[in-house]
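One structure is given here, and the rest of the page talks about it.
Numbering (the working numbering), first residue to last: 93 to 235.
See below:
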């Protein structure tokens, strides 16, 4: 038997619906206004919506110049550039293929962690990665 927490089920289904909408809606918007504008507007709206909950003015970070430089690199490269490239991929490859490639992200992250950081994985970790790859192949070959 399987026991699923109702809240977990709700958020899992909501996440799936949001991802589907995210990929399908963005194609039309990118054709109208371009990936850069869509990227800038979406990140700005997200920040405005979350600001009252996070309240960054209450505990500003005590960063030195190096930490600010790293934060800027993460925002520019790890967020804006990565999201812009993903949206361009959605536009070029289509929402279904882009979603399939996005599913591979945890596997590629694990491979990079193993190669770069020396992370050791259990047989269950490897089995999960193999299951993701098999699912991608099966769905990609479906008519």
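Cβ coordinates follow ideal geometry from the N, Cα and C atoms, glycine included. Values in this document were obtained by computation on a predicted structure and should not be read as measured data.
In the structure shown, residue 136 adopts helical secondary structure according to DSSP, grouped into three states.
By the neighbour-count definition (other C-beta atoms within 10 Å, threshold 16), residue 187 is a buried residue. When only Cα atoms are considered, residue 202 and residue 148 end up about 32 Å apart.
The shortest C-alpha to C-alpha distance from residue 182 to any of 99, 100, 103, 113 is the one to 113. Rounded to the nearest angstrom, the gap between the Cα atoms of residue 158 and residue 231 is 44 Å. Between residue 170 and residue 127, the C-beta gap is not smaller than 8 Å, which leaves the two residues out of contact. Counting along the chain, residue 191 sits inside the alpha helix (DSSP H) bounded by residues 187-195.
Under the three-state reduction of DSSP output, residue 151 falls in the coil class, being neither helix nor strand. In terms of Cβ geometry, residue 205 and residue 211 form a close pair [threshold 8 Å]. By the Cβ rule, the segment 189-198 counts as touching the segment 216-231, because three or more pairs are nearer than 8 Å.
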